[in-house]
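Colleague: I am attaching a structure below and will ask some questions about it afterwards.
Numbering (the working numbering), first residue to last: 2 to 35.
In C-alpha coordinates form, the structure reads like this:
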(Lines of atoms letter the chains of each structure in order from A and count residues from 1; the text may use other names and numbers.)
(Lines give C-alpha, C1' and ligand atoms only; values in the text may rest on other atoms or scores of the structure.)
Protein backbone atom coordinates (compact mmCIF):
# COMPACT_ATOMS: atom_id res chain seq x y z
CA UNK A 1 0.00 0.00 0.00
CA UNK A 2 2.84 2.38 0.68
CA UNK A 3 3.78 2.36 -3.01
CA UNK A 4 0.24 3.20 -4.18
CA UNK A 5 0.38 6.41 -6.18
CA UNK A 6 -2.98 8.06 -6.94
CA UNK A 7 -3.71 8.48 -10.63
CA UNK A 8 -6.05 11.03 -12.24
CA UNK A 9 -8.69 8.35 -12.91
CA UNK A 10 -8.48 7.26 -9.27
CA UNK A 11 -8.95 10.75 -7.84
CA UNK A 12 -11.20 12.37 -10.43
CA UNK A 13 -12.24 15.95 -9.84
CA UNK A 14 -13.79 15.51 -6.41
CA UNK A 15 -13.45 13.63 -3.16
CA UNK A 16 -16.79 11.95 -3.96
CA UNK A 17 -15.31 10.51 -7.16
CA UNK A 18 -12.22 9.29 -5.31
CA UNK A 19 -14.33 7.66 -2.60
CA UNK A 20 -16.56 5.95 -5.18
CA UNK A 21 -13.51 4.68 -7.10
CA UNK A 22 -11.88 3.29 -3.96
CA UNK A 23 -15.14 1.72 -2.79
CA UNK A 24 -15.53 -0.04 -6.15
CA UNK A 25 -11.91 -1.18 -6.06
CA UNK A 26 -12.37 -2.56 -2.56
CA UNK A 27 -15.51 -4.42 -3.65
CA UNK A 28 -13.79 -5.89 -6.73
CA UNK A 29 -10.74 -7.10 -4.80
CA UNK A 30 -12.23 -8.37 -1.55
CA UNK A 31 -11.73 -12.07 -0.83
CA UNK A 32 -14.69 -14.38 -1.32
CA UNK A 33 -16.42 -15.73 1.77
CA UNK A 34 -15.88 -19.43 2.31
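From the three backbone atoms N, C-alpha and C, an ideal C-beta is built for every residue, glycine too.
At which residues does the alpha helix (DSSP H) containing residue 9 begin and terminate?
Modeller: The residue you call residue 9 lines up with position 8 of the chain shown. Element bounds for residue 9: 9-12.
Colleague: In whole angstroms, give me the CA-to-CA distance for residue 20 and residue 8.
Modeller: In the chain shown, residue 20 corresponds to position 19, counting from 1. In the chain shown, residue 8 corresponds to position 7, counting from 1. For residue 20 and residue 8, the distance between alpha carbons rounds to 13 Å.
Colleague: Quick check: the Cα distance between residue 22 and residue 5, rounded to an integer number of angstroms?
Modeller: The count along the chain shown starts at 1 and reaches residue 22 at position 21. The count along the chain shown starts at 1 and reaches residue 5 at position 4. Computed Cα separation, rounded: 14 Å.
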